[in-house]
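Protein chains in written order, with this note's numbering: chain A, 993 to 1103; chain B, 5 to 119. Note that beta-carbon positions come from the ideal geometry of N, C-alpha and C, so glycine has one too. Here the structure is a predicted model, which means the values were calculated and not measured.
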Amino acid sequence: EAQVTQNPRYLITVTGKKLTVTCSQNMNHEYMSWYRQDPGLGLRQIYYSMNVEVTDKGDVPEGYKVSRKEKRNFPLILESPSPNQTSLYFCASSQEGGELFFGEGSRLTVL
Amino acid sequence: GNSVTQMEGPVTLSEEAFLTINCTYTATGYPSLFWYVQYPGEGLQLLLKATKADDKGSNKGFEATYRKETTSFHLEKGSVQVSDSAVYFCALSDRSSNAGNMLTFGGGTRLMVKP
Chain A
993 EAQVTQNPRY LITVTGKKLT VTCSQNMNHE YMSWYRQDPG LGLRQIYYSM
1043 NVEVTDKGDV PEGYKVSRKE KRNFPLILES PSPNQTSLYF CASSQEGGEL
1093 FFGEGSRLTV L
Chain B
5 GNSVTQMEGP VTLSEEAFLT INCTYTATGY PSLFWYVQYP GEGLQLLLKA
55 TKADDKGSNK GFEATYRKET TSFHLEKGSV QVSDSAVYFC ALSDRSSNAG
105 NMLTFGGGTR LMVKP
C-alpha cells in the first residue's frame, strides 16, 4: 500500500529538549516536504527536498532542520523546541509536478 | 507572492443541502488549483484539481471550476451527506515559480453536516 508514515503521531515535550519527527514514504518519490498546520493559517511549508542530499527552506523554516540521506526518509529535527512550535505537522511526498501524498500528521506540544 | 483565501467556517448544513465553499487566489504565474479534504484525525487527501482556466475538477459529487477572470475556484456539491463533514482546503501550485512542488494553502473551512 502506498503511504507516507510519520512518527510519533503525538508528542508532548518541554522547551529546549531536542526531538526528531520521522517521515518515510514507499512510493519512490523524489519530492518530500514538511508542513505545519495552525488554526486559521492552513498549512505552511517548512522545508522541502527535491532529491537525496538536496534540501531547501520553505516559508517558515526558523527553528527547524531536515536531512535527506536516503530517498525514502525525510526527518524533521527541532534542535531546541519552543512553545511557538506547538502545532500539527504533516510530511508529504510526490513526483515532480504530481499529487502530494500526506502522512497522517504528528501533533506536537511544547511546554 | 501567491496566496489563497477561503471562507471561514464552520459551515453547518443539513443533510442533502447544497454546499458552496468560496476560494479565491492570487498568483504570479500560471497556477494549478486543488481542493484537499481532511477527515478527523487524518492527513489531507486530494479531492479534485484543475490545471488550466475553465477546467472543471470533479470527484465524489464535488465540483470546482477554474475561473481565471475572477481568480476563483469555488467548491460545490449538490447534496451533502453526514460523511462529508471534514475540513476543506483550497490550494495552488504555481508552476512558473515553484520549487519543491510546494502548495500554497488557504486557511481551511470546516464543514459540519447534520442528519
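Nearest residue (CA-CA) to Asp-88 of chain B, options B:Lys-118, B:Ala-68 and B:Leu-96:
To locate residue 88 of chain B, count along the second sequence from 1; it is residue 84. Checked all of B:Lys-118, B:Ala-68 and B:Leu-96; the closest Cα to Asp-88 of chain B is B:Lys-118.
Considering Glu-1071 of chain A, what are the terminal residues of the beta strand (DSSP E) in which it resides?
The residue given as residue 1071 of chain A occupies position 79 in the first sequence. Segment: none, Glu-1071 of chain A is in no beta strand (DSSP E) and carries neither H nor E.
Three CB pairs or more closer than 8 Å across the segment 39 to 51 of chain B and the segment 79 to 96 of chain B:
yes
When DSSP labels each residue in this structure, what does Gln-49 of chain B get in the three-state scheme?
Position 45 of the second sequence, counted from the first residue, corresponds to residue 49 of chain B. In the structure shown, Gln-49 of chain B sits in a strand (DSSP, three-state: E or B).
I want to know whether the segment 1024 to 1042 of chain A touches the segment 1051 to 1061 of chain A - three or more CB-CB distances under 8 Å.
yes
Counting beta carbon pairs with one atom in the segment 53 to 71 of chain B and one in the segment 33 to 41 of chain B, are three or more of them shorter than 8 Å?
yes
If you count every other CB in all the chains shown that lies within 10 Å of the CB of Pro-14 of chain B, and 16 or more means buried, which is it?
As a working mapping, residue 14 of chain B is identified with position 10 in the second sequence. Flag for Pro-14 of chain B reads exposed.
Using a C-beta to C-beta distance shorter than 9 Å, which residues of chain B count as neighbours of Glu-1108 of chain A?
The first residue shown for chain A is 993 and the last is 1103, placing residue 1108 of chain A beyond what the model contains.
Would the segment 8 to 23 of chain B count as touching the segment 1085 to 1094 of chain A if we require 3 or more Cβ pairs under 8 Å?
no
Among A:Thr-1007, A:Lys-1010, A:Thr-1014 and A:Ala-994, which residue has its Cα nearest to the Cα of Gly-1097 of chain A?
Within the first sequence, residue 1097 of chain A is the residue found at index 105, counting from 1. Of the candidates A:Thr-1007, A:Lys-1010, A:Thr-1014 and A:Ala-994, the one whose C-alpha sits nearest the C-alpha of Gly-1097 of chain A is A:Thr-1014.
List, in chain order, every chain B residue whose beta-carbon is nearer than 7 Å to that of Gly-1097 of chain A.
Residue mapping note: residue 1097 of chain A aligns to position 105 of the first sequence, counting from 1. Within 7 Å Cβ-Cβ: Gly-47.
Could you give the distance in angstroms between the alpha-carbon of Arg-1060 of chain A and the alpha-carbon of Phe-1066 of chain A?
If you number the first sequence from 1, residue 1060 of chain A lands on position 68. If you number the first sequence from 1, residue 1066 of chain A lands on position 74. Whole-angstrom Cα-Cα distance: 5 Å.
Please list the terminal residues of the continuous beta strand (DSSP E) segment that includes Arg-1028 of chain A.
The residue given as residue 1028 of chain A occupies position 36 in the first sequence. Looking at the DSSP string, the run of the beta strand (DSSP E) that includes Arg-1028 of chain A is 1023 to 1030.
Along chain B, in chain order, which residues have C-beta atoms closer than 7 Å to that of Gln-1037 of chain A?
Indexing the first sequence from 1 puts residue 1037 of chain A at position 45. Going along chain B in sequence order, the residues near Gln-1037 of chain A (Cβ under 7 Å) are Met-106.
Applying the criterion that 16 or more other CB atoms from any shown protein chain within 10 Å of the CB defines a buried residue, is Met-1024 of chain A buried or exposed?
Indexing the first sequence from 1 puts residue 1024 of chain A at position 32. Counting Cβ neighbours within 10 Å, Met-1024 of chain A comes out buried, since at least 16 surround it.
Assuming Leu-115 of chain B and Leu-52 of chain B are in contact, meaning their beta carbons sit under 8 Å apart, how far apart are those beta carbons, in whole angstroms?
Here residue 115 of chain B is taken as the residue at index 111 of the second sequence, counted from 1. Here residue 52 of chain B is taken as the residue at index 48 of the second sequence, counted from 1. Wrong, their Cβ atoms sit about 15 Å apart, outside the cutoff.
Could you tell me whether the segment 1067 to 1077 of chain A touches the segment 73 to 86 of chain B, where touching means 3 or more Cβ pairs closer than 8 Å?
no
Taking Leu-51 of chain B as the query, report the chain E residues whose CB atoms sit under 7 Å from its CB, ordered along the chain.
Protein chains A and B are contained in the structure displayed, whereas chain E is not.
With 7 Å as the limit, tell me which residues of the segment 1074 to 1103 of chain A have their beta carbon closer than that to any beta carbon of chain B; keep them in chain order.
Phe-1082, Ser-1086, Glu-1088, Gly-1089, Glu-1091, Leu-1092, Phe-1094, Gly-1095, Glu-1096 and Gly-1097
Below-8 Å beta-carbon distance, Phe-66 of chain B vs any chain A residue
If you number the second sequence from 1, residue 66 of chain B lands on position 62. It does not: the Cβ of Phe-66 of chain B has no partner Cβ on chain A nearer than 8 Å.
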